[in-house]
Amino acid sequence: MVMRGCPPQSTSVRVGLALLAGALFAMPASAGPAQYDLSRYLSPDEIEPGMKGFGLTVMSGTKIEKFEFEVISIMRNAWYADKDVILVRCSGLNLEHSGIIGGMSGSPCYVVDNQGGERMIGAVAYGWSFNKDPVCGVQPITQMVEVARVRKPSPKEKTGKGKPAQANGKRGDEQGAGVNIAEILAPHVNEPIHKASRYSIFNQDIRAYKTAHPDAEKPIGGLQPLRVPLMCSARSAQTLDYFRDAFTNFGFDPVISGGAGDAMKKDANVKLEPGSALCIPFITGDLQMEGLGTCTEVIGDDVLGFGHSMFSEGSVELPLATGMVHTAIASVMRSNKLGAALNIVGTLHGDESAAVYGRVGKAPAMIPLTVSVKNAHGDQSYNYNVIQEKFFTSQAMVMAVLESIYTFSDPPKEHTIRYDVETEFAEYGVFRTSNFTSMGSVFSLLSDVQYPIMSMQNAPFGMAKVAKVQVNVTVENEARAAYFDEIVLPRKAFRPGETITAQVRYFHPHREPRYTDAVYEIDVPDELPDGEYKLTVGGIMTHLRGLLAEKPHVFQVETLDQMLAAFNVMGRFSENQVALRLESPRTGLAVKKHEMPELPSYQRHILTSSERSDVTAFTDAHVKLFDTRFAVAGGQEFTIKIDRRLGQ
């Protein structure tokens, strides 16, 4: 740490600190850590402009090839405090034409010292957008080894199991009001949720959150970590559009690439070594998606790579794989390797600004996802394995579901989609929903796959692990969409105990007959006092918006158990339902989740004046649901009168 007013560190001090970091990392431990010999490396203080050397990387297949470089300069404090970058100009391997290539991140760089020994200086890690010359920044190896020292798992740590710390903890004090689900979704939703999704009821709260918490502006130009090429074997236009939109903002460069052949996967000679391809699989199985970079250093079972972060999460638990390269594609915008993962060989444990760090050996468990699709081609079943990662599990799930549905073609122009989603969260339970949509594409389905996972993995009070996901989809070549064309109440004054009849005419824009009629009834509660009340007739979105307005505490959560329960409340409803909602004078206060209706005035005053943030006012409604043969949208609100004297 450099204190204000202290003299700057001398070169000898900086070298001494680097050697100390290496010595600390090389200390023996019961896990049998690798011994990083600092005599094999050069620190930035030992490097001078004009030094020449070579780097290692893969341009085709698994063959490690050499490129050359010359040191231009040492950039002090160039990336984070007290972190140096070695600026070099590269040549060979056609880099004069392509520039620095995405996927070269982590390529080890060596110089020959005065004794004729090859000493590593670091890894290719930084560059510029639209850079015409093969100039890049090298992450010093002396900064990378610190990641391995800090992130090395202890012998007692287990991979892929166990409940996250504070998973059932609470945010704030014992009287905290919890967190609105919209507040958890907001940081991960860039655009308003599609109106076809039931979660669109949170859009207003999401907008309010984003207004209060604007995104930080991203720096323009300048030295940046090289973007990680994210390989994907998807082919449908819908999957590719989502792929680009979902992952570009996280520092990835989405690249369409096919998987490796079986013969290469079975090649026992492919291993992680300096210069080899290093992959982080996101999805395996019937769809492949992986981040592609280069391995920098391997000592024993320890592996360093990339020269910069992938997610910058610190401690992680992700699959670590060998890889191959189909070819390198030169581009004016950004050149990239096309590659694929081969075999998962261990676990990535560290993800920091200077490097990613993993160990060869036991691999972490991935999440099994099964998608069954029934359409004009018959019944198909697709099987995937998806990473357990708080930001990208939900996006990867959506990718796999999209690709499953669009494998042969888009859904018919006029279509109905029926689906079931079951997402099991380890130690918490299952989110279940069945839904029926028509002419709304797949937005409802995707949101039921994505948002429960996204929320359960990004709550401020813990992260739930996903155990498995099952999605069943039936695509019908027929439209079953209906809109309320007219809703008529024969009369608008009633006595308690009478039945309210709503005569409905539906409009069907995509089928014959264009209009159909239906009648729905709801009884007036006997205890309802005289007065005027609102009656709403509408689709299930109307009901959910009413529920959110009346009982906001249902969607205020402070544990993962409560969050899962709230999602299951939403999951009980389907778009082929019609709701009749009769306003009720019944009001009350909710303390956390506990509802206390019709409190005496003095008790209500005590609670409301206590300034407790977990006390919420609520109203009630008399609700009746009806199943229909259509996905229903729209609705209408009426004012009715209740009068016991009617007919007397």
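If you're matching positions, the sequence shown starts at 458 in our numbering and goes up one per residue.
For glycine and all other residues, C-beta sits at the position ideal for the given N, C-alpha and C.
- Counting only runs of 4 or more residues that sit fully inside the stretch 979-1025, the alpha helix (DSSP H) segments are 997-1007, in chain order.
- The beta carbons of G732 and P610 sit no closer together than 8 Å.
- By the Cβ-count criterion, Y839 is buried, with 16 or more other Cβ atoms from all chains shown falling within 10 Å of its own Cβ.
- Contact between A950 and L1017 is ruled out by a C-beta separation of about 48 Å, above the 8 Å threshold.
- Within the same chain, Y876 come within 6 Å of L902 by CB-CB distance, once the 5 residues on both sides are set aside.
- DSSP places Y583 in the strand class (E or B) of the three-state scheme.
- Ranked by how close their Cα comes to the Cα of I558, the residues V899, M516, T705 have M516 in first place.
- Per DSSP, the unbroken alpha helix (DSSP H) holding H554 starts and ends at 552-555.
- When the five nearest sequence neighbours on each side are left out, the beta carbons in the same chain lying within less than 7 Å of the beta carbon of D942 are those of R962, Y963, F964, Y972, in order along the chain.
- For M577 and D541, the gap between their C-alpha atoms comes out near 15 Å.
- By the 16-neighbour rule on beta-carbons within 10 angstroms, S654 is buried.
- Taking the Cα positions, A924 is about 49 Å away from V528.
- A1074 and F893 have their C-alpha atoms some 33 Å from each other.
- Of V1048, I531, K1008, the smallest CA-CA separation from S1041 is found for K1008.
- Runs of the beta strand (DSSP E) lying entirely within the stretch 509-571, each at least 3 residues long, are 509-517, 520-532, 542-548, 565-569 in chain order.
- By the criterion of at least three beta-carbon pairs nearer than 8 Å, the stretch 1057-1074 is not in contact with the stretch 950-959.
- Under DSSP, K831 shares a beta bridge with D836, T931.
- The criterion of a C-beta distance shorter than 8 Å is satisfied by S690 and S714.
- Excluding residues up to 5 positions away in sequence, H834 lie with their Cβ nearer than 6 Å to the Cβ of F865 in the same chain.
- Apart from sequence neighbours up to five positions away, the residues of its chain that approach R497 with a beta-carbon distance below 7 Å are R576, M577, ordered along the chain.
- Straight through space, the alpha carbons of F918 and I638 are spaced by roughly 12 Å.
- L744 is positioned such that its CB atom lies closer than 8 Å to that of M856.
- Of the candidates L729, G771, D983, S891, the residue whose Cα lies closest to the Cα of G818 is L729.
- Boundaries of the beta strand (DSSP E) harbouring N793: 793-809, taken from the DSSP string.
- Counting along the chain, no beta strand (DSSP E) covers T850; the unbroken alpha helix (DSSP H) around it starts and ends at 850-862.
- When the alpha-carbon of A1022 is set against those of L1039, Y1059, G886, F1030, the nearest one is in G886.
- The straight-line gap separating the alpha-carbon atoms of E1068 and Q1060 is approximately 14 Å.
- Under the rule that a run must span 3 or more residues, the beta strand (DSSP E) segments found entirely inside the stretch 627-702 read 685-689.
- The beta carbon of P1054 lies closer than 6 Å to those of R1043, G1045 in the same chain, with the five residues before and after it left out.
- Under DSSP, L1046 forms a beta bridge with M1053, A1074.
- Between the alpha carbons of E553 and I543 lies a distance of about 19 Å.
- Classified as exposed, D494 has fewer than 16 neighbouring CB atoms from the shown chains inside 10 Å of its CB.
- Beta-bridge partners of H967 (DSSP): none assigned.
- Excluding residues up to 5 positions away in sequence, V581, A582, L683, V685, G750, T751, F763, G764, H765 lie with their Cβ nearer than 7 Å to the Cβ of S562 in the same chain.
- R875 sits in a strand when the DSSP states are folded into three classes.
- Short of 6 Å from the beta carbon of N832, and not among the five residues preceding or following it, lie these beta carbons of its own chain, in chain order: V932.
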